[in-house]
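Letter by letter, the sequence shown follows residues 530 to 801 of our numbering.
All C-beta atoms, glycine included, are put in the ideal place defined by N, C-alpha and C.
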Amino acid sequence: MVNSDFIQMLQNASVPDARFEFRCMLEQITGNRFAPALNADQQNRILSMIQRRIQGEPLQYILGEWEFYGMRIFVGKGVLIPRPDTEILVDTALHWANYKSGLKILDLCTGSGCIALALKKNLPDAEISAVDTSETALAYAQKNADYHHLAVHFYHADVLDKNFAENFRNFDMIVSNPPYLTSQEMQELQIEVRHEPAIALFGGPAEDGTYFYRKITDTWKDALKPSGLLAYEIGWKQAERVSMLLNSHAFRNIQTFQDLEQRDRVVSAEKI
Ligand code: GLN
């Protein structure tokens, strides 16, 4: 088979951007996005990747890696794939940090570690801690930290555990991309997203998906210094509710930032 046959297989299965996805697979197998022809072993390997993709598995899991904030991030089953939208949260945090040195930063629901690692890379002398309840996710986070030679303290815990949170004080900044999809949105997930861990997506009992914002704000606000920043990634319809919540917890300078599609994606606020 030749390369155009493989692209055709992806197109026949209605994979969007079939050509791009094929080039990603090709690069992974040969080291060259434009490798002109594959030997028999390489053909078998790309065929098995294409078969997984046709069955709806996300390209990122098949490749075992994706890019976030210009960094290679290893991913696989059991960990949320880093999204470009989440780069807005990193931008917000870095803008606020404004190159100050020695900041203490906490990332809650770290997953692959992508946010914590992007912050550590850009603020090398920051002291960064990150928490997640999934051991699978934390194994990826540690692998990513090792790969980039970045030191982040990872903790395996439930972010809603008040006793655990009491060990954390005097942070300059807390960032989090918690699960925030509503049960309605969970029923309408794209086939690829259905392969991702529901625990990283489903925003819990509240009908509007804001359960984790309420719980995390309540559980962790004492871990922040006065004037410290709390920044959340949010679902695009949640800005008003999350802003009101932060207002009711006596945060000020509440701001909303949009993603590349001009939808509300981040809410940040300073503790009084
Ligand atoms: N942005 C993700 C999605 O739409 C959801 C991530 C999350 O719940 N934190 O699939």
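query	result
Between the alpha carbons of D534 and D570, how many angstroms are there, rounded?	16 Å
Go to E769, then tell me how far its alpha helix (DSSP H) extends in each direction, as first and last residue.	768-777
Measuring only the C-alpha atoms, how far is Q784 from P587?	33 Å
Go to M530, then tell me how far its beta strand (DSSP E) extends in each direction, as first and last residue.	It is not in any beta strand (DSSP E) - M530 carries neither H nor E in the DSSP assignment.
Using the Cα positions of K792 and G732, report the straight-line distance between them to the nearest angstrom.	Here the sequence assigns Arg to residue 792, which means Lys is not the residue at that position. So the two alpha carbons sit approximately 19 Å from each other.
DSSP three-state call for N755: helix, strand or coil?	Note that residue 755 corresponds to Pro in the displayed sequence, not to Asn. Here P755 sits in strand by DSSP.
Assuming S641 contacts A670 (C-beta within less than 8 Å), just tell me the rounded distance between them.	6 Å
Just to check, is the beta-carbon of P726 closer than 6 Å to a non-hydrogen atom of the ligand GLN?	no
Got a sec: does the ligand GLN put a non-hydrogen atom nearer than 6 Å to the Cβ of Y740?	no
Using 8 Å as the Cβ pair cut-off and three pairs as the minimum, do the region 606-623 and the region 676-695 touch?	no
Going by CA-CA distance only, name the one from R698, A674, G631 that's closest to C643.	A674
DSSP has R548 in a bridge; who is on the other side?	R548 is not bridged to any residue.
With DSSP as the reference, label Y742 as helix, strand or coil.	helix
Kindly identify the DSSP beta-bridge partner or partners of L635.	S658, I703
Pick from T739, L567, L623: whose alpha carbon is nearest that of T711?	T739
Check this for me: beta carbons of I657 and A645, under 7 Å apart or not?	yes
Please tell me whether L759 and I703 are closer than 7 Å, where the distance is taken between their beta carbons.	yes
Is it true that the CB of T621 sits closer than 7 Å to the CB of F786?	yes
Should P708 be counted as a contact of the ligand GLN given a C-beta to heavy atom distance under 6 Å?	yes
In this structure, how does DSSP classify I602 when only helix, strand and coil are distinguished?	strand
Per DSSP, which residues does V795 bridge with? Please list them.	E762, F786
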